[in-house]
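Position one of the sequence shown corresponds to residue 220 (the working numbering), numbered consecutively onward. Note that the Cβ used here is the ideal one computed from N, Cα and C, for glycine as well. Computed from a predicted model, the values in this text were never measured in an experiment. Working notes for the structure below.
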Amino acid sequence: MVNLTKRFGDFTAVDDMNIRITNGVYGLLGANGAGKTTLMRMICTLLTPTSGQILCDGKDIQKMEGEYRNLLGYLPQEFGFYPEFSVKDYLLYIASLKGIRPVVAKKRVKELLEQVGLSKAANKKMKKLSGGMKRRVGIAQAILNNPKILILDEPTAGLDPTERVRFRNMISELSKERIVILSTHIVSDVEYIANEIWLMKNGRLMQQGSLDVVLDSMPEKVWSFVTSQAEAEKFMKQYKVSNMKTDRDGVELRIISAQQPSASAKAVQPNLEDVFLYYFGEKGGEME
């Protein structure tokens, strides 16, 4: 991406972005309105940049047309489907749209149904699926053509913890020979599988790098201590609290602050949720 910018009237959704990408998993994190979906839609050629370029092996993707789309797999936040189609028929239909030969498509669909845990639901109508099962069908359709570039927008929305683990393992395996860009609000999904993390805010990358690099980018410390319920409410109004746990001994707080918030507070190792809150969360009382 070279000086990539997208404006909608006076609003700049993506602001002069420059990134070089090779094979691996890239985790895109940001609050709502950060520009994540706009960026992904430009990578998928669904939106045209206002200025700048996205290059694939030195070629402008806007000029590559079918050559580029053959390399691409995309799972949007909401994907369309025919409710009366069975899962198997839907995937075969998508395969035909992607130009996959019928003999190859049948074998590929069978493999993917097993991979995403839907073999027993192959003949079930799409309209009868749960939200999590539909999401798994969406993941399957995105990788039908064995894409070299896989774009996943909120792929684990609606998946239960077991399904999310299955998904993460699958993405880790897929990323060995392709680019995977994963946008999500579920920080743990990115923390476990991303080779590089992008923190995006107001159309710009706040930080990018490995998990260790991103964790080290936070200038403030993370503190942990136990206090009373009454005192905990005071701390929540004054500081960014990344976690609060109540038990019989009181309230255990995890606070992000440059200064020690309490004499009993001890510095602890930050995690990605702490970093996310530092860059995108509100300090206590700011919502008011």
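Problem set entry | Spatial neighbours of Leu371 in its chain, beta-carbon cut-off 6 Å, leaving aside the 5 residues before and after | On the sequence shown, residue 371 is found 152 positions in, with the first residue counted as 1. Within the same chain, Leu294 and Leu401 come within 6 Å of Leu371 by CB-CB distance, once the 5 residues on both sides are set aside.
For this session: Using three-state DSSP, classify Met506 as helix, strand or coil.
Result: Locating residue 506 in the sequence shown gives position 287, counting from the first residue. Any reading at Met506 needs caution, since the residue's pLDDT is 40, under 50, leaving its predicted position unreliable; the model's value is listed next. Three-state result, Met506: coil.
For this session: Could you name the residues that DSSP lists as bridge partners for Leu356?
Result: Here residue 356 is taken as the residue at index 137 of the sequence shown, counted from 1. The identity of residue 356 in the sequence shown is Val, whereas the question assumes Leu. In the DSSP output, where bridge partners are listed per residue, Val356 has none listed.
Problem set entry | Sequence-distant residues of its chain with Cβ nearer than 8 Å to Gln296 (five each side left out) | Position 77 of the sequence shown, counted from the first residue, corresponds to residue 296. Hits under 8 Å: Thr256, Asp372, Glu373 and Ala376.
Problem set entry | Within-8 Å CB hit, Gly336 to chain D | Included in the structure is just one protein chain, with no chain D present.
Problem set entry | Three-pair Cβ contact test at 8 Å for the region 228 to 248 versus the region 412 to 422 | With a cut-off of 8 Å, the region 412 to 422 and the region 228 to 248 count as touching, because enough Cβ pairs lie within range.
Exercise. Three or more beta-carbon pairs under 8 Å between the region 467 to 486 and the region 438 to 457, yes or no?
Worked result: In short, these stretches touch, since the Cβ pair count reaches three.
Exercise. Taking C-beta to C-beta, are Leu258 and Val233 nearer than 8 Å?
Worked result: The sequence position of residue 258 within the sequence shown is 39, counting from 1. The sequence position of residue 233 within the sequence shown is 14, counting from 1. Yes. Within cutoff.
For this session: With a cut-off of 8 Å on the beta carbons, I'd call Ile319 and Leu363 a contact; round off their distance for me.
Result: As a working note, residue 319 is residue 100 in the sequence shown. As a working note, residue 363 is residue 144 in the sequence shown. About 7 Å separates the two Cβ atoms, so the contact holds.
Exercise. Is the Cβ-Cβ distance between Met220 and Leu424 less than 8 Å?
Worked result: Reading the sequence shown from its first residue, position 1 is the one you call residue 220. Reading the sequence shown from its first residue, position 205 is the one you call residue 424. Going by C-beta atoms, Met220 is not nearer than 8 Å to Leu424.
Exercise. To which residues of the same chain is Ala253 closer than 6 Å at the C-beta, ignoring the five residues directly before and after it?
Worked result: Taking the first residue of the sequence shown as position 1, residue 253 is located at position 34. Here Ala253 has Met419 and Lys420 as same chain residues with Cβ atoms under 6 Å from its own Cβ, once five neighbours each way along the sequence are excluded.
Exercise. What residues in its chain sit with their C-beta under 6 Å from that of Ala314, if we drop five residues either side in the sequence?
Worked result: For the purposes of this step, residue 314 is taken as the residue at position 95 of the sequence shown. Cβ neighbours of Ala314 beyond the five flanking positions: Ala324 and Leu363.
Exercise. In chain order, which beta strand (DSSP E) runs of at least 3 residues are fully inside the region 241 to 325?
Worked result: Given a length threshold of 3 residues, each whole run of the beta strand (DSSP E) inside the region 241 to 325 is given here in chain order: 243 to 248, 270 to 272 and 291 to 294.
Exercise. When you compare only the Cα positions, how much space is there between Val306 and Ala341?
Worked result: Reading the sequence shown from its first residue, position 87 is the one you call residue 306. Reading the sequence shown from its first residue, position 122 is the one you call residue 341. Their backbone Cα atoms lie some 5 Å apart in a straight line.
Exercise. Ala486 by DSSP, collapsed to three states: which one?
Worked result: Counted from its first residue, the sequence shown places residue 486 at position 267. In the three-state DSSP reduction, Ala486 falls in the strand class (E or B).
Problem set entry | Three-state secondary structure assigned by DSSP to Gly428 | Counting from one through the sequence shown, the residue named residue 428 turns up at place 209. Reduced to three states, the DSSP call for Gly428 is strand.
For this session: Mark Arg239 as exposed unless 16 or more other C-beta atoms lie within 10 angstroms of its C-beta, in which case mark it buried.
Result: Numbered from 1 along the sequence shown, position 20 holds the residue referred to as residue 239. When all chains shown are included, Arg239 counts as exposed.
Problem set entry | Pair within 8 Å by beta-carbon distance, Asn289 and Ile398 | Sequence index remark: in the sequence shown, residue 289 carries index 70 (1-based). Sequence index remark: in the sequence shown, residue 398 carries index 179 (1-based). Against a cut-off of 8 Å, the Cβ pair of Ile398 and Asn289 comes out as no contact.
Exercise. When you compare each of Pro480, Asp468 and Gly428 to Leu491 by their alpha carbons, which one comes out closest?
Worked result: Within the sequence shown, numbered from 1, the residue matching residue 491 stands at position 272. Of Pro480, Asp468 and Gly428, the residue nearest in Cα terms is Gly428.
For this session: Kindly indicate which three-state DSSP category Lys367 falls into: helix, strand or coil?
Result: For the purposes of this step, residue 367 is taken as the residue at position 148 of the sequence shown. In the structure shown, Lys367 sits in coil (DSSP, three-state: anything other than H, G, I, E or B).
Problem set entry | Met506, buried or exposed, once every other Cβ within 10 Å from all chains shown has been counted against 16 | Position 287 of the sequence shown, counted from the first residue, corresponds to residue 506. Unreliable placement is indicated for Met506, whose pLDDT of 40 sits below 50; the coordinate value is still reported in the next sentence. Exposure of Met506 is indicated by the presence of fewer than 16 other C-beta atoms within 10 angstroms of its C-beta.
Exercise. Does the distance from the C-beta atom of Gly336 to that of Asp379 stay below 8 Å?
Worked result: In the sequence shown, the residue the question calls residue 336 occupies position 117. In the sequence shown, the residue the question calls residue 379 occupies position 160. Using a Cβ distance threshold of 8 Å, Gly336 and Asp379 do not count as a contacting pair.
For this session: Mind listing, in chain order, the continuous alpha helix (DSSP H) runs of no fewer than 4 residues lying wholly within the region 435 to 467?
Result: Taking 4 residues as the shortest admissible run, the region 435 to 467 contains the following complete alpha helix (DSSP H) segments, listed from N- to C-terminal end: 448 to 457.
Problem set entry | For Val433, the nearest candidate out of Tyr497, Lys282, Thr269 and Asn462 (CA to CA) | As a working note, residue 433 is residue 214 in the sequence shown. Ranking Tyr497, Lys282, Thr269 and Asn462 by Cα distance to Val433 puts Tyr497 first.
For this session: Verify whether the separation of the beta carbon atoms of Pro438 and Tyr458 is less than 8 Å.
Result: By one-based count along the sequence shown, residue 438 stands at place 219. By one-based count along the sequence shown, residue 458 stands at place 239. Not in contact: Pro438 and Tyr458 (Cβ atoms no closer than 8 Å).
Problem set entry | Residues near Val356 in its chain [Cβ-Cβ closer than 8 Å; skip 5 each side] | Numbered from 1 along the sequence shown, position 137 holds the residue referred to as residue 356. Result list for Val356: Phe300, Val306, Tyr309, Leu310, Val335, Leu337, Met345 and Leu348, in chain order.
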